[in-house]
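In what follows, a structure is listed as structure tokens, so that the remarks can point back to it.
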Amino acid sequence: MKPSPVLLVDRLSKSYGGVHALRELSFSVHAGEKVAVIGPNGAGKTTLFNVLNGQLAADSGTVLFEAAPITGLEPQVIARRGVGRTFQVPATFASMTVRENVQLALAARRNGLRSPLAGSRALDTREASAVLERTGIASLAERSCATLAYGDLKRVELAIALACRPRLLLMDEPTAGLAPAERASLMRLVVELAATGEVALLFTEHDMDVVFAHADRVLVLNRGRLISAGPPAAVRTDPHVRRVYLGPSTQPGTLRDA
Amino acid sequence: MTLSALLIQLLNGLAGASSLFLVAAGLSLIFGVTRIVNFAHGSLMMLGAYLAHSLIARLGGGAAGYWAAVLLAGLAVAGIGVLIERLLLRRLYAAPELLQLTATFGVVLIVKDAVLAGWGPEDLLGPRAPGFRGSIDILGRAIPEYDLLLIALGPLVLVLLTWLLRRTRWGVLVRAASEDREMTALLGVNQTWLFSGVFFLGALLAGLAGALQLPREPANLNIDLSVIAEVFVVTVVGGLGSIPGAFVAALIIGIAKALCVAIGEVRAFGIAFSFPKLTLVAEFIVMAIVLAVRPWGLFGRPPAAPPPSEQRELLKPPGPRFVLIAAGVFVLLAALPLVADEYSLVLLADICVFALFAASLHFMMGPGGMASFGHAAYFGLAAYASALLARGAPMELALIAAPLFAGVAAIVYGWFCVRLSGVYLAMLTLAFAQITWSIAYEWDAVTGGSNGLTGVWPAMWLSSRSAYYLLTLAVSGAAIAVLWRMIYSPFGYALRASRDSALRAAAIGIDPRSVRWAGFSIAGLFAGVAGALYAFSKGSISPEALSIPRSIDALVMVLLGGLQTLIGPVVGAAALTALQDTIIRHSEYWRAMLGAAVIALVVFFPTGLAGMFRRAAGLRGDRA
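Residue numbers (the working numbering), protein chains in the order written: chain V, 32 to 289; chain L, 116 to 739.
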């Protein structure tokens, strides 16, 4: 018997005024799975992520995380349940060092941020170093996040997300804006993580190389609708996907080379 | 209460709403384009009233002379507005928002003394407007024609402004600049003229509002701050930057106040409630309801994303050297009673109290990222609480219990405030402070009204100047140490995290709003400790302890010292308190001198005194 999914999305809808960003969207993600969400600009990818982590309220439909409904909960509550998130434009704490960013995430997970008098030594250093090693940014540990390059900030975000030990990690365009070499190394890192089987990964991506190299399954969104889902090979050959995603003029075979 | 009495109050309220709308619309326009909250906008209205009074006297009582005088007063104020923009604010467009605001407060102080010097302290009532001297009978009551004129004027100005902004090229540029100032500049729009233009229009509206108000209310020296507080309420309720919002909010608040006056005194459960005295509380209730439902105001839009914090400097925990030096300074200060005279000890005690007051504001402004224009609310509230408690309880107990009242007020006010951010939050804090002030001012039976409470003396063992100085030093020193410690505690990190990126904070499981709420409340509690110490050191307490100037003092201390350092607020408090003491002793026009000093500091030391020292030290270090 297949284990129950980590994430189960059931008929999720969200519209802004008259624009349907998500329409009756249903899918699931299992433990250890790497699922890519692709679709043209405006397909509803970021809206989906914002609804999943509680930043936006859905109009209708339900989201179950580990069989418990999380629809309508606040972002921090969903985060505490075990859903991590990285953003399209990296969001870090600019007035702190890389290490402090990670320490804070660790302390938040352990509920250790309430104490107003404990002193900064109360923040964990050892585990923070381990996370920094693992994400390959140990050399940046004492740098201020306000001074980091874009690619490094993406890694810091990943380190923060990992420090929270999520069981589902939502990554919005993890490789956007990175040089090809950076992309490959970042994705290698992410894949290693998922390979431990503890984290399920849901990510949006524009780079088809990344998608087809790393995703176990691909969901294709178009104007808020799920138009195709399945293993990369199947999606690649789906004529419906070719038509709406790549445009009617696309010749067969181009997707492979994209 | 009869229907006709209600009607007359309603029309009266609507007439007042029109001039309030004119001022609020001007403030909104200026803020939209320049991002400056012009604290001096109420002062411009006050100038309008005084100038109109003089011009009407000069140009005669005929209709042509009268209305020409009103128009000229408006234009003169518009000219003054442009001068302020050109001479002062233009130098500050690159400075942080709060410094610009502090500079406009310097203008408030200067204008107040200028008016005092030019027109004297007496209230000046203007003649009634020719052509509108009569009244119209409605339901058997005489409604002044002038009120009806003002009521009609509000919508007329709204329509004119809407036309100006929607249909003219200038209006398109103003709207574009409000939307995205940098993009507008990149498109080649001449910012210089645009900024001067909105200042002209905004000041013109304020000046006209003052001139038009003259037949209804005498020109007086309190218009500036009372109007600015009301205008902040209108702006927050209507939605910052929305002109129709300002109009609707002014109407709602005008009506609410009219209802309070119309209800009059009501007896319930054996207690007499005087509703007319509660007009400011009525505003508060309107504001509370609106903000609970729509945190961005009736017509306001929530910002797409919270703006990134301007504070991006690392905050290194103080090392052993810092602790050692701080301890050394403390010991030196504790030894001062051996050499200092009584006068110096009083001044030193004041400095201790204000250092704590400023440090508490720094806690919410620096790590918390929440600027407050109304921090005196908590200071003054605890001062009143200690005065009242000391009547029935030992002084020591009162000193401990009084700050808790401030803490509770901060929890209540904070619940509303932390839903907002930036300037919007700051305006709301000012509105709350003004409401607290008005309660202290109006509630004669308990607070002693404008006279306040006297005979608030410390216990016998603390009655000597040096003993009380040592107490303030010990309590303030300990409280500041606790505040500093909190900045580097896990909670302090969470507070800074919520300031840096609320999005990221929530994504790792921190609730940014609760953390900010806690930070806000802690700051209020510690301001309360300072307030309680203050009450016993002065022996009396008056509404002045809750007033806007007191709140601005704290703001100036923090900005003067510099936001980025721990000792900034302490240095700022010492500098400003000593400066005030010197100026007040030497000049009748101390407000203007203080205003000029504040402006000079902002223009010449935009990073604050501590920042300047640090830079100087850094330069020396480089050379060594």
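A virtual CB, placed ideally from N, CA and C, is assigned to each residue, including glycine.
Asked                                                                                                                                                        : Found
Please report the distance separating the alpha-carbon of T117 of chain V from that of R628 of chain L.                                                      : 21 Å
Does the beta carbon of R116 of chain V come closer than 8 Å to any beta carbon on chain L?                                                                  : yes
Less than 8 Å between the beta carbons of S134 of chain L and L327 of chain L, yes or no?                                                                    : yes
Curious, which full-length alpha helix (DSSP H) runs of at least 4 residues does the region 251-326 of chain L contain?                                      : 260-282, 284-294 and 296-301
Pull up the distance between the alpha-carbon of A492 of chain L and that of F220 of chain L, whole angstroms please.                                        : 18 Å
Report the neighbours of A136 of chain V on chain L: residues whose CB is nearer than 7 Å to its CB, in chain order.                                         : I623
At what residues does the alpha helix (DSSP H) containing T268 of chain V begin and finish?                                                                  : P263 to T268
In chain order, what residues of the same chain lie with their CB nearer than 7 Å to the CB of A582 of chain L, ignoring the 5 residues before and after it? : W576
Taking 8 Å as the CB-CB limit, is Y493 of chain L close to chain V?                                                                                          : no
Tell me, which residues are paired with D41 of chain V by DSSP?                                                                                              : V:T93
What does a CB cutoff of less than 7 Å around A52 of chain V pick up in its chain, not counting 5 residues either side in sequence?                          : K45, S46, G75, T78 and G255
Output, in chain order, the set of chain V residues within a Cβ distance shorter than 9 Å of M708 of chain L.                                                : Those within 9 Å of M708 of chain L in chain V number zero; the least Cβ separation is about 37 Å.
So which residues of chain V does A120 of chain L contact, with C-beta pairs closer than 7 Å?                                                                : Under the 7 Å cutoff, chain V gives no residues; its nearest Cβ is about 46 Å from A120 of chain L.
I'd like the list of long-range same chain contacts for Q124 of chain L, defined as Cβ closer than 8 Å, with 5 residues on each side in sequence excluded.   : A373, L374, V376 and A377
Does chain A have any CB closer than 8 Å to the CB of I191 of chain V?                                                                                       : Of the chains in the structure shown, none is chain A; the protein chains are V and L.
By Cβ distance, which residues of its chain are closer than 7 Å to A324 of chain L, with the 5 residues on each side in sequence left out?                   : S134, L137, V138, M160 and G163
When we look at the beta-carbon of G639 of chain L and count the other beta-carbons within 10 Å, is it buried (16 or more) or exposed?                       : buried
In three-state DSSP terms, what is F531 of chain L?                                                                                                          : helix
Buried or exposed, going by whether 16 or more other CB atoms sit within 10 Å of the CB of S35 of chain V?                                                   : exposed
Just checking: is the beta-carbon of L144 of chain V within a distance shorter than 8 Å of some beta-carbon in chain L?                                      : yes
CB-CB under 7 Å to L543 of chain L, same chain, minus the five flanking residues each way: which ones, in chain order?                                       : V351, F531, C532 and L535
Kindly indicate which three-state DSSP category S487 of chain L falls into: helix, strand or coil?                                                           : coil
For D183 of chain V, which option in V:S216, V:D155, V:R248 and V:A88 has the closest C-alpha, if you only look at C-alpha atoms?                            : V:S216
Excluding the 5 residues flanking W705 of chain L on each side, which residues of the same chain have their C-beta closer than 6 Å to its C-beta?            : I698 and I699
I65 of chain V bridges to which residues according to DSSP?                                                                                                  : Per the sequence shown, the amino acid found at residue 65 of chain V is Lys instead of Ile. Per DSSP, V:L232.
Report the three-state DSSP secondary structure of R735 of chain L (helix, strand or coil).                                                                  : Here the model assigns R735 of chain L a pLDDT of 44, short of 50, so the residue's position is not dependable, and the following value carries that caveat. In this structure, R735 of chain L counts as helix in the three-state DSSP scheme.
What does a CB cutoff of less than 6 Å around M510 of chain L pick up in its chain, not counting 5 residues either side in sequence?                         : P573 and A574
Applying a beta-carbon distance threshold of less than 7 Å, which residues of chain L neighbour L148 of chain V?                                             : R600, M601 and S604
How close, in whole Å, do the beta carbons of F606 of chain L and S146 of chain V come, if the pair is a contact with beta carbons under 8 Å?                : 6 Å
Please list the terminal residues of the continuous alpha helix (DSSP H) segment that includes M601 of chain L.                                              : R580 to I602
Could you compute how far the alpha carbon of R287 of chain V sits from the alpha carbon of A190 of chain V?                                                 : A caution first: R287 of chain V carries a pLDDT of 45, below 50, which makes its placement in the model too unreliable to give a value.
I think G143 of chain V touches A159 of chain V, with their Cβ atoms under 8 Å apart; what is that distance to the nearest whole Å?                          : Not confirmed; about 13 Å, so no contact.
Are the CB atoms of C176 of chain V and V129 of chain V nearer to each other than 8 Å?                                                                       : yes
So, with DSSP's three-state summary, where would you put R331 of chain L?                                                                                    : coil
Which class does V523 of chain L belong to by DSSP, given the choice of helix, strand or coil?                                                               : helix
Can you tell me whether I258 of chain L is buried or exposed, with buried defined as 16 or more other CB within 10 angstroms of its CB?                      : buried
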